[in-house]
Structure formats: structure tokens, C-alpha cells
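Positions in the sequence shown are counted from 1; adding 2 to them yields our numbering. Inspection log for the structure reproduced underneath, given as C-alpha cells.
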Amino acid sequence: MTNRKSTGPQLKTQPGSPQPGEPVYLMIGKLRRPHGVKGELWLELTTEHPERIRTGVTILIGDEKTEVKVENIRAADKLWLISFAGYQDCQEVEGFRNQWVFIEAKQAAPLPAGRYYHHEIIGMKVFTETHDLIGVVDEILVTGANDVYVVKNDKGTETLVPAIKSVILEIDKEMGRMIVRQQEWL
């Protein structure tokens, strides 16, 4: 763990992060160009669980989170072809071109024990093993080897905590807290 002084404005949440109480959305793919004349679009999936996107499932499109119900989805090479209930031709779906596709976090596949979605970690209070408050997880840096939690205290000082088993001793989602092994430089 290392400390760094924040140079930017002090935010209660990261830009683009939901405010407390707002729904959390997970990006699952990106719509590409329409295909044919019957309202299908190419879909590039970014989820590890494509089986969760099936006929009848409601997904959200774009920044406006336009709700649509999946009418049909099928694999086609490396992409998928998808159509939506109520959209019957290519002109009706043209506005969805190059838009991100989301689901509500509550629809996400459960992760194995010891693994967490980023939205479950951001906002957690972080304590040392002697119960001293370090701060709150404000951001997650995705590196090649492991994630790094940016923990910010009330003075704006950031502490970088590597997300590795030897440092993270406990994560309690229900209590919204994390216990970390105190490092000599902390």
C-alpha cells in the first residue's frame, strides 16, 4: 500500500458512478450495424455469460438506458445477431447502432466465493486489522497482475491497496467494509 495526494476535485463518487441509492448497471456488449431488413443488429458481447441474454430478457441500450425486450438472439461467428420486440425493420433499430448494452446489476450472474464485481467494492470502508479507518474505496485501477483499490480518506489522501490475498484479509459485502493487513509504510 502506498499513499498519494489527490490533485483533482474531491468527489463523493467517481464520474459515471451511480450516486448512493441509484441503480447499478453492468455493460454487457455493444450493438453494431443493422443486419438485413427485419430489425436485427450485430451485437459484440463483452460478458462472460452470454447465456443470460435470451428471448424475453429485458436489456437497456445507450446512455438513456432505453428498455427493450430481447425477441431473438443467436450466435453468428464472433458476433451475435439480436432483435427486439416491437422493432421490426432496420430503420427502427438504426438509432441503436454503436450503443452500449447494459443489464441491471441485480440480473448479473453470481460470482464464485471470493470474487466481486467492482460496484460491490467501490464505496466500501477500509480498515486495518487493528480497526483503524483508512478511508473508502473510491476507484479501482485495473492492472495486468491484480486490481488496485484507491482508498481515499476525508482529507483527500489516497492509499493504494493491492487486491491480493496477502493484503486483503476480509471483505464483508453486507457490512460494506474491508479489512486489510497494515503495511509498514501505511
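For every residue, glycine included, the Cβ atom is placed at its ideal position computed from N, Cα and C. Only a predicted model underlies this, so the values are computations on that prediction, with no experimental measurement involved.
Classification of residue i by the beta-carbon crowding that lies within 10 angstroms, buried from 16 upward
i: MET177; result: exposed
i: LYS154; result: buried
i: GLN101; result: buried
i: GLU160; result: buried
i: ASP140; result: buried
i: SER85; result: buried
i: GLY137; result: buried
i: GLY116; result: exposed
i: ALA111; result: exposed
i: MET29; result: exposed
i: PRO164; result: buried
i: ILE166; result: exposed
i: LEU62; result: buried
i: LEU33; result: buried
i: ILE124; result: buried
Nearest-angstrom beta carbon gap, residue j and residue i [assumed within contact, 8 Å]
i: THR57; j: GLU42; result: About 14 Å; that fails the 8 Å criterion.
i: PRO36; j: VAL103; result: Contact doesn't hold; Cβ gap of about 15 Å is too wide.
i: LEU162; j: VAL150; result: 5 Å
Boundaries of the alpha helix (DSSP H) in which residue i is found, first to last residue
i: VAL95; result: 92 to 95
i: HIS120; result: 120 to 123
Where residue i sits in the DSSP three-state scheme
i: GLU46; result: strand
i: ARG56; result: coil
i: SER8; result: Note that SER8 scores a pLDDT of 43, beneath 50, so its modelled location is shaky; the value from the coordinates is reported in the next line. SER8: coil per DSSP, three-state reduction.
Unbroken beta strand (DSSP E) run spanning residue i, endpoints
i: PHE86; result: 81 to 86
i: LYS108; result: No beta strand (DSSP E) contains LYS108, which DSSP labels as neither H nor E.
i: PHE129; result: 127 to 130
i: LYS71; result: 68 to 78
i: ARG35; result: 27 to 37
Any chain D beta carbon closer than 9 Å to residue i
i: GLN109; result: No chain D is part of this structure, which consists of one protein chain only.
Could you tell me which uninterrupted beta strand (DSSP E) segments, each at least 3 residues in length, are contained entirely in the stretch 144 to 185, listed from first to last along the chain? 149 to 154, 159 to 164, 170 to 174 and 179 to 182
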